[in-house]
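S.K.: Oh and the sequence shown: position 136 is 1193 in our numbering, straight run, nothing missing.
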Amino acid sequence: MKKIKKIKKINLLSFFILILGFIILIYSSINIYKWHKDSANTQKIIEKISTFSKVENNNKEISEETIDTSKKGIDLTQPKQINSDTVGWIEVNGTNVDYPFTQTTNNEYYLTHSFDKSYNSAGWVFLDYRNSISNFDKNTILYAHGRLDKTMFGSLVNVFESSWYNNSDNHLITLSTESKTTSWQIFSVYHIPATSDYIKTSFNSNDEFQSFVDMLKNRSYYNFDVTVKSSDNILTLSTCYNNNGSERLVVHAKLIS
């Protein structure tokens, strides 16, 4: 009798394990399907964006305060027809990053919405809501997901490859708005357990900013031998480094023109 009860318990446990395994399989299959669907939709948008001509915006008047008056901004008319939140365009040499970027009133919306504002787990590239696109803060921050298909900021993992680092042309980021086009020189790249200490946008003093910059430089995977002073402005690109979001991949650059 005890043996029969034991067999029944084993059979019942096996049944529950089988059901649990089936549920996990269904759940995983749904998530994989959603991931591929979102990736496909994102790719369609990227393909459409690639047809846009990034021409100089000659209708905008460049003021004397513009950092480099020889470099005019770009015409964002086409991307703005898709998304009125468009505020600029970013290109990172040696990566796939070549996208218009957006800004809204929070740092959550574009984590789950694509450039056409459709719900999409791939999200889109967006500027920190605290930053001003017309007058750069001491630290201007752009975010995006690090997608495995190398879309959004997924290709930023290239910065850890020696072939990327050894080509100095790759150490340049171009940020274009309607009023100006600016160049930024990379001075630090690293991955780190999730923290918010590198996404400060304002500082109480030059000394505080210099200490902040020194911290970022000391974290770098490579030595870029770039001097960053307290009078400089910097750009920060932030994304996830792993699938569970416990680490961040970060790139920092200073404004050079």
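By construction, the Cβ of each residue, glycine as well, lies at the ideal position given by its N, Cα and C atoms. Note that the coordinates shown come from a computational prediction; the quantities given were computed from them, not determined experimentally.
I'd like to know whether the C-beta atoms of Leu1213 and Thr1152 end up nearer to each other than 8 Å.
M.R.: Numbered from its first residue, the sequence shown carries residue 1213 at position 156. Numbered from its first residue, the sequence shown carries residue 1152 at position 95. Going by C-beta atoms, Leu1213 is nearer than 8 Å to Thr1152.
S.K.: Pairs of beta-carbons, one from the stretch 1260-1267 and one from the stretch 1213-1222, closer than 8 Å: are there three or more?
M.R.: No: fewer than three Cβ pairs fall under 8 Å.
S.K.: So, with DSSP's three-state summary, where would you put Ala1251?
M.R.: Residue mapping note: residue 1251 aligns to position 194 of the sequence shown, counting from 1. Note: Ala1251 maps to coil in three-state DSSP.
S.K.: What is the DSSP secondary structure of Gln1223, reduced to helix, strand or coil?
M.R.: For the purposes of this step, residue 1223 is taken as the residue at position 166 of the sequence shown. Reading off the sequence, residue 1223 comes out as Asn, not Gln. Three-state result, Asn1223: helix.
S.K.: Which value, in whole angstroms, describes the spacing of the CA atoms of Val1283 and Asp1142?
M.R.: Here residue 1283 is taken as the residue at index 226 of the sequence shown, counted from 1. Here residue 1142 is taken as the residue at index 85 of the sequence shown, counted from 1. One C-alpha to the other measures close to 33 Å.
S.K.: Can you tell me the Cα-Cα spacing of Ile1249 and Tyr1156, whole angstroms?
M.R.: Looking up residue 1249 in the sequence shown gives position 192. Looking up residue 1156 in the sequence shown gives position 99. Roughly 25 Å separates the two Cα atoms.
S.K.: Please say whether Ile1230 and Trp1241 have beta carbons closer to each other than 8 Å?
M.R.: The residue you call residue 1241 lines up with position 184 of the sequence shown. The residue you call residue 1230 lines up with position 173 of the sequence shown. Contact flag set, yes.
S.K.: May I ask you to verify whether the stretch 1095-1109 touches the stretch 1173-1180, counting CB pairs closer than 8 Å and requiring at least 3?
M.R.: Yes, the stretch 1095-1109 is in contact with the stretch 1173-1180.
S.K.: Given a cut-off of 8 Å, decide if Ile1243 and Phe1380 are closer than it, judged by their beta-carbon atoms.
M.R.: What the structure shows of the chain is the stretch from 1058 to 1314, and residue 1380 is not part of that stretch, so it cannot be assessed.
S.K.: Hey, would you say Asn1224 sits closer than 8 Å to Thr1293, going by beta carbons?
M.R.: In the sequence shown, the residue the question calls residue 1224 occupies position 167. In the sequence shown, the residue the question calls residue 1293 occupies position 236. No, the pair does not count as a contact, with Cβ atoms beyond the cut-off.
S.K.: Compute the distance between the beta-carbons of Phe1193 and Leu1312, then report whether it is under 8 Å.
M.R.: For the purposes of this step, residue 1193 is taken as the residue at position 136 of the sequence shown. For the purposes of this step, residue 1312 is taken as the residue at position 255 of the sequence shown. Closer than 8 Å, so yes.
S.K.: Take Trp1181 and list the residues in its own chain whose beta-carbon comes closer than 8 Å to its own, dropping the five residues that flank it on each side.
M.R.: The residue you call residue 1181 lines up with position 124 of the sequence shown. Around Trp1181: Tyr1156, Phe1158, Thr1159, Tyr1167, His1170, Ser1171, Phe1172, Ala1201, Met1209.
S.K.: Go ahead and pull the three-state DSSP assignment for Glu1235.
M.R.: Taking the first residue of the sequence shown as position 1, residue 1235 is located at position 178. Of the three classes helix, strand and coil, the one that applies to Glu1235 here is coil, per DSSP.
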